[in-house]
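Per the numbering used here, the sequence shown runs over residues 49 to 735. Glycine included, each C-beta is placed from N, C-alpha and C at the ideal position. These numbers come from a predicted model, not from an experiment.
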Amino acid sequence: MAQPKFFLQPLAAAICVACYSASVFAQEQTAIIQTLAPIVATAHQGNDANGLIVHADPKQPIQPIPASDGADYLQSIMGFSSIKNGGTNGDVTFRGMFGSRIKILADGTENLGACPNRMDAPTSYISPESYDRISVIKGPQTVQYANTGSAATVIFERNPEQFDADKNYRGQASVLMGSYGRLDHNVEAAVGDEQKYIRLNANRSVSDSYKDGDGNAVPSDWERWNADVALGWTPDENTWVELTGGKADGEAVYAGREMDGSQFARESLGLRVEKKNVTDVIKKIEAQVNYSFNDHVMDNFSLREFNPSGMMTMPMASNVARETLNARLAVTHEWNKLQFISGLDSQNNEHSKRSGSLMAPYQDQARNKDMKFRSYGAFSELSYQLSDQNKWVGGVRVDQVNVKDLRSESLEKRYNRKLDKTLPSAFLRLENQHPEHDAKTYIGVGYVERMPDYWELFSTAHGNAGSVNAFNGIDTEKTLQLDLGYQHEHGALSSWVSAYTGLINDYVLMSYHVHAMPGMMSHGKTAGAKNVDATIAGAEAGVGYQFTDHLQADVSAMYAWGKNTTDDKPLPQISPLEARINLRYVQDQYTLGALWRVVDSQNRISKDQGNIVGYDLGESSGFGTLSLNGTYHVYDGVDLSVGIDNVLDKTYSEHLNKAGSAGFGFAADEQFNNIGRNYWARISMKF
Numbered sequence: 049m050a051q052p053k054f055f056l057q058p059l060a061a062a063i064c065v066a067c068y069s070a071s072v073f074a075q076e077q078t079a080i081i082q083t084l085a086p087i088v089a090t091a092h093q094g095n096d097a098n099g100l101i102v103h104a105d106p107k108q109p110i111q112p113i114p115a116s117d118g119a120d121y122l123q124s125i126m127g128f129s130s131i132k133n134g135g136t137n138g139d140v141t142f143r144g145m146f147g148s149r150i151k152i153l154a155d156g157t158e159n160l161g162a163c164p165n166r167m168d169a170p171t172s173y174i175s176p177e178s179y180d181r182i183s184v185i186k187g188p189q190t191v192q193y194a195n196t197g198s199a200a201t202v203i204f205e206r207n208p209e210q211f212d213a214d215k216n217y218r219g220q221a222s223v224l225m226g227s228y229g230r231l232d233h234n235v236e237a238a239v240g241d242e243q244k245y246i247r248l249n250a251n252r253s254v255s256d257s258y259k260d261g262d263g264n265a266v267p268s269d270w271e272r273w274n275a276d277v278a279l280g281w282t283p284d285e286n287t288w289v290e291l292t293g294g295k296a297d298g299e300a301v302y303a304g305r306e307m308d309g310s311q312f313a314r315e316s317l318g319l320r321v322e323k324k325n326v327t328d329v330i331k332k333i334e335a336q337v338n339y340s341f342n343d344h345v346m347d348n349f350s351l352r353e354f355n356p357s358g359m360m361t362m363p364m365a366s367n368v369a370r371e372t373l374n375a376r377l378a379v380t381h382e383w384n385k386l387q388f389i390s391g392l393d394s395q396n397n398e399h400s401k402r403s404g405s406l407m408a409p410y411q412d413q414a415r416n417k418d419m420k421f422r423s424y425g426a427f428s429e430l431s432y433q434l435s436d437q438n439k440w441v442g443g444v445r446v447d448q449v450n451v452k453d454l455r456s457e458s459l460e461k462r463y464n465r466k467l468d469k470t471l472p473s474a475f476l477r478l479e480n481q482h483p484e485h486d487a488k489t490y491i492g493v494g495y496v497e498r499m500p501d502y503w504e505l506f507s508t509a510h511g512n513a514g515s516v517n518a519f520n521g522i523d524t525e526k527t528l529q530l531d532l533g534y535q536h537e538h539g540a541l542s543s544w545v546s547a548y549t550g551l552i553n554d555y556v557l558m559s560y561h562v563h564a565m566p567g568m569m570s571h572g573k574t575a576g577a578k579n580v581d582a583t584i585a586g587a588e589a590g591v592g593y594q595f596t597d598h599l600q601a602d603v604s605a606m607y608a609w610g611k612n613t614t615d616d617k618p619l620p621q622i623s624p625l626e627a628r629i630n631l632r633y634v635q636d637q638y639t640l641g642a643l644w645r646v647v648d649s650q651n652r653i654s655k656d657q658g659n660i661v662g663y664d665l666g667e668s669s670g671f672g673t674l675s676l677n678g679t680y681h682v683y684d685g686v687d688l689s690v691g692i693d694n695v696l697d698k699t700y701s702e703h704l705n706k707a708g709s710a711g712f713g714f715a716a717d718e719q720f721n722n723i724g725r726n727y728w729a730r731i732s733m734k735f
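Here's what the structure looks like:
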């Protein structure tokens, strides 16, 4: 796998450069010791909309060990879990929901994966530390983005650069070392003046396979790199133009899959324009267009010793690709107490695939397109300040979606190969301030219709009973959800809660069983899709207390519940009740912390049902893990963080972990375990 030469520099050189640069910077500046932020154990700070929107700083180290991808970081935010394949590239769930119910955006655009089994989920192409902020909008409470997520909208954002005459550069870098060969390099550097800038974000992450608490090796090694560059132009304080481009690649061994990911290539190009204060009423016009090409390869021989098992009776490789073009135009108006944003957006993407073997490499085969997707949307979102204490926020949206089935077998069998759907969505929310009680609240109701995604339409063996295939056999999903929340802060005590309940008509459910076709060999359990009606409910909550000026603690918990009301069964693949107890001692120069994560057992399951990545294997046991961390402010701009995850070396498996691959010797329905005791250290600097 080709890599930029930057990433091949040894760790020692990286640390020396970081420390030397920081020392030079410190000599040029007046030494100011700032209060050091503790390691993030539960990210629920910096809320907007009275707690509905959660912000997180991805440049802060988190525990467990700092994230290798977007899914890793999102798990520090209450409500998120991950379906794990191995050591990296998990697939997030939020409140028990999965896939395109969670909208993942990077700098305002969507970058979709290509694997028919979501080996390369959208978060696998995201390096969190390259971004300045993560925002999570819970529930269907915004309509500003194409094909709105019903469970949540997640936005990874970078800020535009701003320089003045006194300083025309800035940067930051970090190096992380951990157990089992974990080594990360991250660099962000920008130079410019008042009217232009150039920024580079580059990172590399590698790790060997880890061991569980019993000392057994779990195949999970990975290597990945990302490099992105941005050219910005700011001719005046109200104008911003930015051109971006990037490349990435990686490979990962998966304990929970029959094939590994031997390539995660990404190419991207984008243009973004923003004009502020156009008139007294038109406060901002923003437009952007983004192109991405994800080229993913999976095989069962290049990263593991080939071992015939299950349906993998010979060395095989599959190359899939997704080409995506996103465009968006939005205008923000402000008039007295009214703020109004409206716009248009579109998405076009095509999916292709080819396969091969050792004797017939996939590179020699032609790419065959199997899907073409187009959507065009219009939205309007309004907020009105009723008084100093009350604000209404609402929005409506309409998407016109067209999906084409380009598979040759569908043409040969003369199936319908075109779907056209008009999908409405809307929400209304009231936000309240209660200064007399030091409290804030929100309550909102949202409705969204969701087009079944590529994985539901093309990766399943069938649709509803009587349909010829999933493409012609699944209805659109309709979600009506109530979201409400409360925040309180008084003296040393703070508390918060976000709760929800919803009705989902035509929920797309995956059922796994043997789909043996007449005259064809069986290939074991595969997914079939059907629509059911469902009810969901749950909450995230937390309480914090400041014991002294330096000692603070908080307790957070999350619970999700779902029922398939059509079949009178629980919804599958929902994480159990989880609590996190976080204790911190914070000084100006250093911090110490302890995190105790407690997870309950899960007995609400639907065996052999789930989503395109995993299904319920059986009831799971509860567990608890203890982690310790510390941060030391070396000098201005340089911080050292250390941590020990799973201090007691517990052997445990998450409820959502996949069953281990038979090719690695795992028994049928045996889930692989999580990492055992894990040491790590991270040095970061700013200049």
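query, result
"Less than 8 angstroms between the C-beta atoms of M733 and Q395, yes or no?", "no"
"Among D232, H233, V239 and A194, whose alpha-carbon lies nearest the alpha-carbon of N216?", "V239"
"Cα-Cα, which of Y173, T583, P208 and V695 is closest to E315?", "Y173"
"What do you get for Q637, buried or exposed, if any count of 16 or more other CB atoms within 10 angstroms of its CB means buried?", "exposed"
"Which residues in the same chain have their Cβ closer than 6 angstroms to the Cβ of N438, if we skip the five residues on either side of it in sequence?", "N480"
"In three-state DSSP terms, what is Y410?", "helix"
"Residues bridged to E429 by DSSP?", "I389 and G443"
"Can you check whether the CB of E209 is closer than 8 angstroms to the CB of G318?", "no"
"What does the alpha-carbon distance come out to for the pair V266 and G197?", "34 angstroms"
"Can you check whether the CB of H510 is closer than 8 angstroms to the CB of G576?", "yes"
"Nearest-angstrom Cα distance between E322 and R247?", "18 angstroms"
"Tell me which same chain residues have a C-beta within less than 6 angstroms of the C-beta of A716, skipping the five on either side of it?", "none"
"Which runs of the beta strand (DSSP E), 3 residues or longer, sit entirely within the segment 619-651?", "626-634 and 638-647"
"I need the boundaries of the beta strand (DSSP E) containing F506, first residue and last residue.", "No beta strand (DSSP E) contains F506, which is instead part of the alpha helix (DSSP H) from Y502 to F506."
"In this structure, what does DSSP give as the bridge partners for L688?", "Y680 and I731"
"Taking G226 as part of the beta strand (DSSP E), name the residues at either end of that continuous run.", "Y217 to G226"
"Can you list, in chain order, the residues of its chain with a C-beta nearer than 6 angstroms to that of P500? Leave out the 5 residues immediately preceding and following it.", "I522 and V556"
"Alpha carbon to alpha carbon, how far is H381 from F211?", "28 angstroms"
"Buried or exposed: which applies to N722, given that a residue is buried once 16 or more other Cβ atoms fall within 10 Å of its Cβ?", "buried"
"When you compare the CB positions of A605 and A547, do they come within less than 8 angstroms of one another, or not?", "no"
"Find out if the Cβ-Cβ distance for the pair H561, D664 is shorter than 8 angstroms.", "no"
"How is E158 classed by DSSP in three states: helix, strand or coil?", "coil"
"Taking only beta-carbon positions, decide if A589 is within less than 8 angstroms of chain C.", "Of the protein chains in the structure, only one exists, and it is not chain C."
"On the three-state DSSP scale, how would you describe Y121?", "helix"
"Provide the residue(s) that pair with V301 in DSSP beta bridges, ordered along the chain.", "Looking at the DSSP assignment, V301 forms no beta bridge with any residue, so it has no partner."
"If you count every other CB in all the chains shown that lies within 10 Å of the CB of A104, and 16 or more means buried, which is it?", "buried"
"Do you know how far the Cα of D155 is from the Cα of A115?", "19 angstroms"
"Looking at the secondary structure, which residues open and close the beta strand (DSSP E) in which L100 lies?", "From DSSP, L100 is part of no beta strand (DSSP E); its letter is neither H nor E."
"Expressed to the nearest angstrom, what Euclidean distance is found between the alpha-carbon atoms of S350 and S310?", "7 angstroms"
"I want to know whether the segment 145-165 touches the segment 680-693 - three or more CB-CB distances under 8 angstroms.", "no"
"With which residues is I584 paired in a DSSP beta bridge?", "G550 and G610"
"Just verifying my parser: in three-state terms, what is the DSSP assignment at G148?", "Strictly speaking, residue 148 in this sequence is Ser, with Gly absent from that position. Helix."
"May I ask which residues mark the beginning and end of the beta strand (DSSP E) holding S654?", "First-last for S654: undefined, no H or E at that position."
"At what residue ranges does the segment 325-374 contain a whole run of the beta strand (DSSP E), taking only runs of 3 or more?", "330-347"
"Among the candidates N338, I653 and V345, whose CA atom is the shortest distance from the CA of F312?", "V345"
"Could you give the DSSP three-state label for E285: helix, strand or coil?", "coil"
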